[in-house]
Amino acid sequence: MHPKTITVPVFNLNSGMVLGDDFFDANGACIVSKGVVLNESIVSRLKERFPYKLACIQDVHAQNVVTAGSSKIKRIVKTEVCFRQLANGIKSIIRDVQSSGKINIREVEGMSVQLLENFKDYAAVLDSIVKERSLDEYIQRHCVNVSVLSIMLGRWLGLSDSELMMLAQSALLHDIGKVKIDERILNKPGYLTSLEFTAIKRHSILGYELVKDLKHISPLVSSGILMHHEKIDGSGYPLGLRGAEISPFAKIIAVADVFDAITSKRPYKCKESPFHALSVLENELCGKLDPLCLTTFVQRISMFYIGEYVRLSNGNLAKIVKINHSDISRPLVMQGSEFIDLHKASKLSIVEIASLADFTKHHFCCLIYM
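Everything in the sequence shown is counted per the numbering used here, starting at 15 for the first residue and increasing by one.
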């Protein structure tokens, strides 16, 4: 009689569990065989490479698996699969540019349709966007993240479906010009020289040149790529445009770009929490980014974190209870049974959104002591 099995996300695997079926990578290669007893080394490697992939284990270990919050886990896993599919699409586009200098606009259009159809669970989207990811896949994942965030903002601003399609194309390709910039500069861990920074700033123009003559592409798409680093006060690049001179798509992409850049790990910086990103947008970039795009994004994004668990600067987990609209980056939280208003508790701050492992562990402990 064969033992019963249960399917769980890789991040919930523990040492000592027995694999109930062969575990394959994306290329169909068997990574771990059925019947193998997982040790710490195997679990660590699987979690590093495939945190959101599902694994089959023997049901005898089911009691060791935290199943609380399984609905949330399933939603995030489903969304993460969509992210990875689009990131692979961007990787394909990058290879085309590197080999032929051309962009397959039909492929971009197909990806844009996917963006509009598959990313409507905004809470799961935000979970996937802020999770840790490999530095090697930064550009493609950044392009997808910015695209999804741009579509969210575009919907909140009332854009039509046809406008959202064009916005998706522009956002997907907003950083494509970086393919033509030396990777040693892009991934330099230290400060950039003035010449290096000038080289990086050329990516907007390089991206624009790649798309401007493509058939079936709107000027709104190409101008969004060209202008996404412009600032309404004229301090941006490459053209130093102001206010109404800047493409409406570029204004949307600029906000999404900043949020994802701050919440991402790079060779020269650590990743920051979404609330730090919202604080930067609200306090440091007011007067530089379009006010309607900025306020809409900050207010709407922050609401999705109500009910989420975060790690505070004191190391403890807390649940977000209410957003302070006068200080969005410092909400009211509940730590255990204690309410803490971070607007008043200036010595405390949100360090990060709690990982799914933290969330399920916390939820499980709560069930034990109820």
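By construction, the Cβ of each residue, glycine as well, lies at the ideal position given by its N, Cα and C atoms.
As assigned by DSSP and simplified to three states, the class of residue i
i, result
"K194", "helix"
"V79", "Note that V79 scores 46 on pLDDT, short of 50, meaning its location in the model is unreliable; the coordinates nonetheless yield the value given after this. In this structure, V79 counts as coil in the three-state DSSP scheme."
"C96", "helix"
"C157", "helix"
"T309", "helix"
"A43", "coil"
"A332", "strand"
"T19", "strand"
"E54", "helix"
"D141", "helix"
"A69", "strand"
"I320", "coil"
"D4", "Residue numbering for the chain in the displayed model covers 15 to 384; residue 4 lies beyond these limits and cannot be assessed."
"E352", "strand"
"G366", "One detail in the question is off: residue 366 reads as Glu in this sequence, not Gly. Note: E366 maps to strand in three-state DSSP."
"L178", "helix"
"D110", "helix"
"K285", "coil"
"F133", "coil"
"H377", "Residue placement at H377 is flagged as unreliable, the pLDDT there being 47, under the threshold of 50; the coordinate-derived value follows with that caveat. The answer is helix: DSSP assigns H377 an H, G or I state."
"R325", "strand"
"L33", "strand"
"F64", "coil"
Close beta carbons around residue i, own chain, < 7 Å, minus the five adjacent residues each side
i, result
"K226", "S236"
"E286", "I276 and T277"
"Y136", "M166 and F318"
"I267", "V160, S164, S184, A185, H188, G238 and H242"
"P203", "P281 and Y282"
"V111", "I117, I190, V193 and L224"
"K88", "none"
Test item: CB-CB of residue i and residue j under 8 Å
i, j, result
"G191", "H217", "yes"
"V312", "E296", "yes"
"A368", "V324", "yes"
"E121", "G103", "yes"
"I143", "L228", "no"
"L346", "I315", "no"
"K215", "P252", "yes"
"Q154", "K105", "yes"
"E210", "I199", "yes"
"H290", "S343", "yes"
"A101", "E151", "yes"
"V32", "V51", "yes"
"V269", "L206", "no"
Contact test: residue i Cβ vs the ligand NAD heavy atom, cutoff 7 Å
i, result
"I267", "With respect to the ligand NAD, the structure shown offers nothing to examine, as it has no ligands at all."
Exposure of residue i, with buried meaning 16 or more beta-carbon neighbours within 10 Å
i, result
"E94", "buried"
"Q99", "exposed"
"N159", "buried"
"L306", "exposed"
"H339", "exposed"
"H230", "exposed"
"K358", "exposed"
"A40", "exposed"
"V162", "buried"
"G250", "buried"
"S113", "exposed"
"D271", "buried"
"D304", "buried"
"E298", "exposed"
"E352", "exposed"
"S62", "Position check: residue 62 holds Glu in this sequence, whereas Ser was assumed. Exposed, since its Cβ has fewer than 16 Cβ neighbours within 10 Å."
"E244", "buried"
6 Å Cβ shell around residue i - same chain, five flanking residues per side excluded
i, result
"V79", "Low confidence applies to V79: its pLDDT is 46, below 50, so where it sits in the model is not reliable, and the reading given next is rough at best. Only V22 and N26 meet the Cβ criterion."
"L234", "M180 and F263"
"G221", "I190, G191 and I239"
"I90", "A138 and D141"
"L326", "A332 and L362"
"G30", "none"
"N330", "Q349"
"K67", "V24"
"C70", "T19, T21, G34 and D35"
"K134", "none"
"P65", "V24 and F25"
Contact set for residue i: own chain, Cβ-Cβ below 8 Å, skip 5 residues either direction
i, result
"T310", "L167, W170 and L171"
"A182", "M125, S126, L129, L130, S161, S164 and I165"
"I44", "Contrary to the premise, residue 44 reads as Cys rather than Ile in this sequence. Excluding sequence neighbours, C44 sits near D36, F37 and F38."
"I108", "I153, Q154, I190 and V193"
Inset, instruction - Say whether the segment 181 to 188 touches the segment 114 to 132, bearing in mind that this needs 3 or more beta-carbon pairs closer than 8 Å, one atom from each stretch. - result: yes
Legend entry - Given 8 Å, three or more beta-carbon pairs between the segment 159 to 171 and the segment 193 to 207: no
Inset, instruction - Would you check if there are 3 or more beta carbon pairs closer than 8 Å linking the segment 274 to 281 to the segment 325 to 334? - result: no
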